[in-house]
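Under the numbering used here, read the sequence shown as residues 11 to 304, first letter to last.
What follows is one structure encoded as structure tokens, with my remarks underneath.
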Amino acid sequence: MHSKEDLRYEDCEETARWLLDRIQSPPDIAIICGSGLGLLAETLSDPKTFDYTQIPHFPASTVAGHSGQLVFGTLQGKSCVCMKGRFHVYEGYPLWKVTFPIRVFKLLGVKLLMVTNAAGSLCNTYRPGDLMIIRDHINMPGLAALSPLRGPNDERFGPRFPSLWDTYDHQLRTTALEIASKIGQADLIHEGVYCMVGGPNFESVAEARFLQKLGADAVGMSTAPEVVVAKHCGMRVFGLSLITNRVAQAYERQETVNHSSVLEVGKQRSQLLQAIITDLVRSVQFENHQEPAA
Ligand code: HPA
């Protein structure tokens, strides 16, 4: 039995139908724009924009720097939808709500999810302003039973026990590295492990040391739930973190981090991030075109 406070397939269908009635062509690619990275959405041609507050069953974004709009349009000839602003667990949303848009995207026919986020560096060789292609993730809330797949499994989305073995698309990761080299930015792009924590506080020194020992290269407060849901429902996934700060791993040296400095680095690097995502979108080939399910 589902309560009103659970995920309902019918709500996802209703939202998908509402959007399909209002857009030109269903999207193949969904792009989540992280903190300060929403400018990408402005590069779509023939844009059609919806505030989250207009869309049936959509949660509302509450964080500064996350504007709360879905923008449909074309990028490099591909039909895309951009999320300007995502939902975080720290805002108080249950995980099924944080990931509600991903399931709607699935019903719209999306085959590839591209996620961007801001993250703190746990790796000595990463500097603020660098980019990290996500090779894999550590989902800290997920390991402690806070998974977006917790609860009754709806087989129409995917299997009860999905594998995460090959979640972050190998081919797209290789192409992104090639793109960065081609535009002369090979020295500031890395490939690494993203660790999701619940936030909203930044990490203590002991926590940062702990995460680094676990094998995390960067840490942030988003992404893993959306990626798990995308993988569950059979989408390809690509993830790119913008390193906005170093995470303090010693008491002696002060490393300041706050939300506005995170947004500031986002602004400085938005062009580069945009260039890589745009070129990656151009390179994507879809094997066979499927009609949307809703
Ligand atoms: N920690 C967690 N999330 C973040 C950070 C950080 O240092 N920087 C940007 N998002």
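Quick reminder that beta carbons are idealized off the backbone N, C-alpha and C, glycines included.
Keep in mind that this is a model prediction, so the values were computed, not measured.
Grouping DSSP H, G and I as helix and E and B as strand, with all else coil, what is L89? As a working note, residue 89 is residue 79 in the sequence shown. Note that residue 89 is Ser in the sequence shown, not Leu. Strand at S89.
Indicate whether R166 and Y19 have their beta-carbon atoms separated by less than 7 Å. Within the sequence shown, numbered from 1, the residue matching residue 166 stands at position 156. Within the sequence shown, numbered from 1, the residue matching residue 19 stands at position 9. Yes, the Cβ-Cβ distance between R166 and Y19 is below 7 Å.
Identify, in the order they occur along the chain, each residue of the same chain with its Cβ nearer than 7 Å to the Cβ of D311, setting aside the five sequence neighbours on each side. The first residue shown for the chain is 11 and the last is 304, placing residue 311 beyond what the model contains.
Quick one: is H180 buried, meaning 16 or more other Cβ sit within 10 Å of its Cβ, or exposed? Looking up residue 180 in the sequence shown gives position 170. The residue in question, H180, is exposed, as its Cβ has fewer than 16 Cβ neighbours within 10 Å.
Could you spell out the range, first to last residue, of the alpha helix (DSSP H) harbouring K192? In the sequence shown, the residue the question calls residue 192 occupies position 182. First-last of the alpha helix (DSSP H) with K192: H180 to K192.
For the beta strand (DSSP E) that contains T126, what are its first and last residues? In the sequence shown, the residue the question calls residue 126 occupies position 116. Its beta strand (DSSP E) spans residues L122 to S131.
Within the continuous beta strand (DSSP E) that includes G249, where are the two ends? Looking up residue 249 in the sequence shown gives position 239. It spans R246 to R256 - the beta strand (DSSP E) in which G249 sits, taken as one unbroken run.
Looking at the strands, I want to know which residues DSSP matches up with K58. To locate residue 58, count along the sequence shown from 1; it is residue 48. Partner(s): F82.
Measuring straight from C-alpha to C-alpha, what distance separates D61 and L49? Taking the first residue of the sequence shown as position 1, residue 61 is located at position 51. Taking the first residue of the sequence shown as position 1, residue 49 is located at position 39. Cα-Cα distance, rounded: 16 Å.
Simplified DSSP state of M11, which is helix, strand or coil: In the sequence shown, counting from the first residue as 1, residue 11 sits at position 1. Confidence at M11 is low in this model, with a pLDDT of 42, below 50, so the placement of that residue should be treated as unreliable; the coordinate-derived value is given next. Three-state DSSP puts M11 in coil, outside helix and strand.
R145, DSSP secondary structure in three states: Taking the first residue of the sequence shown as position 1, residue 145 is located at position 135. Note: R145 maps to strand in three-state DSSP.
Going by DSSP, what residues sit across from C43 in a beta bridge? Looking up residue 43 in the sequence shown gives position 33. In DSSP, C43 forms a bridge with K94.
How many whole angstroms separate the CB atoms of S10 and G78, which I take to be in contact at a CB cut-off of 8 Å? Only positions 11 to 304 of the chain appear in this structure, which leaves residue 10 out of reach.
Hey, R145 and V203 are a contact pair by Cβ (cut 8 Å); roughly how many whole angstroms apart? Counted from its first residue, the sequence shown places residue 145 at position 135. Counted from its first residue, the sequence shown places residue 203 at position 193. Yes, R145 and V203 are in contact; Cβ-Cβ is about 6 Å, under 8 Å.
Shorter than 6 Å, the distance from the beta carbon of M231 to the closest heavy atom of ligand 1, or not? Numbered from 1 along the sequence shown, position 221 holds the residue referred to as residue 231. Checking every heavy atom of ligand 1 against the Cβ of M231, one is found closer than 6 Å.
Report buried or exposed for Y178, applying the criterion of at least 16 other Cβ atoms within 10 angstroms of its Cβ. Position 168 of the sequence shown, counted from the first residue, corresponds to residue 178. The residue is buried, with at least 16 neighbouring Cβ atoms inside 10 Å.
Cβ-Cβ separation, T254 to V125 (assumed contact under 8 Å), whole Å: Taking the first residue of the sequence shown as 1, we reach residue 125 at position 115. Taking the first residue of the sequence shown as 1, we reach residue 254 at position 244. With a Cβ gap of about 16 Å, V125 and T254 do not count as contacting.
Sorry if obvious, but does the Cβ on T254 come closer than 6 Å to a heavy atom of ligand 1? Reading the sequence shown from its first residue, position 244 is the one you call residue 254. Flag set: Cβ of T254 near ligand 1.
Might you give, ordered along the chain, the residues of its own chain that have their beta carbon closer than 6 Å to the beta carbon of L17, omitting 5 neighbours on each side? On the sequence shown, position 7 is the one that residue 17 refers to. Same-chain partners within the cutoff: W106.
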